[in-house]
Structure formats: C-alpha cells, structure tokens
Amino acid sequence: MEIKAFQDVIRRTYLEKDRARGTPATFLWLIEEVGELATALREGTKEDLEGEFADVFAWLMTLANLSDIDMEKAVAKYATGCSGCGKIPCACQGEKP
Ligand SMILES: [Mg+2]
Ligand SMILES: [Zn+2]
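Below, the structure written as structure tokens:
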C-alpha cells in the first residue's frame, strides 16, 4: 500500500473524531504511542514491535491529516536519496541533515 492510500484510509476512518479531539490532544496520543514503541524496543516481542510501529505510523498520519499535510508529498525529499547530499547511501559528514 502506498503512503497516500494509507493516509486516505486513516482520514476516512478517523477524521471526524480527530477533528473533535484537536491537534494538541492528538499530538499527545502520538507521543504516548512513541513511548509504547520505546518500551517495545527495550523489552517487546517482534509482534509487540510490529504493533507499536504501526500505532506510531497511524497516529502520525492522523496528525498530518489534521494539519492538512500530504505525507507522500512531504516525504518525497527522502524518496530519491539523502535530503541533504542527494546520494544513496548518504555521503554527508556527521549526522543526517
Ligand atoms: Mg501502541
Ligand atoms: Zn547526505
């Protein structure tokens, strides 16, 4: 499934509830899910990890919907190589840009 199609499913499934909750509370949900991912990385099974990665990704899509951000378009700068040097693998010195 492509990112755009996934984001659209999340939009059609949750947008009404997401709008009622609002961006600040939705952001907190995302961070809570990031915390669950941290726990799974430390002590979870592969199944736990899959679940938590999915939760974080879905909540990120939800937050993007509330901010009217097309994630497929947003990540395009990473789709053809490093967003800094343009190379695969990245040839930047130090941390990725
Ligand atoms: Mg979770
Ligand atoms: Zn680079």
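In my numbering, the protein residues as written are -19 to 77.
All residues carry an ideal CB built from backbone N, CA and C; glycine is no exception.
Note that the structure is a prediction, hence the values are computed from the model and not measured.
Closer than 8 Å: residue i CB and nearest ligand 2 heavy atom
i: Ala38; result: no
i: Ala71; result: yes
i: Lys57; result: no
i: Gly2; result: no
DSSP three-state assignment for residue i, whether helix, strand or coil
i: Val55; result: coil
i: Ile11; result: helix
i: Pro69; result: coil
i: Thr6; result: helix
i: Thr25; result: coil
i: Glu(-18); result: coil
Near ligand 1: residue i beta-carbon under 8 Å from a heavy atom
i: Asp35; result: yes
i: Leu93; result: Summary: the structure shown does not reach residue 93, with the chain confined to residues -19 through 77, and so no result is reported for it.
i: Glu75; result: no
i: Leu17; result: yes
i: Glu23; result: no
i: Glu(-4); result: no
i: Glu13; result: yes
Close beta carbons around residue i, own chain, < 7 Å, minus the five adjacent residues each side
i: Asp79; result: It is not possible to answer for residue 79, since the shown part of the chain is limited to -19 through 77.
Close beta carbons around residue i, own chain, < 8 Å, minus the five adjacent residues each side
i: Gly66; result: Thr60
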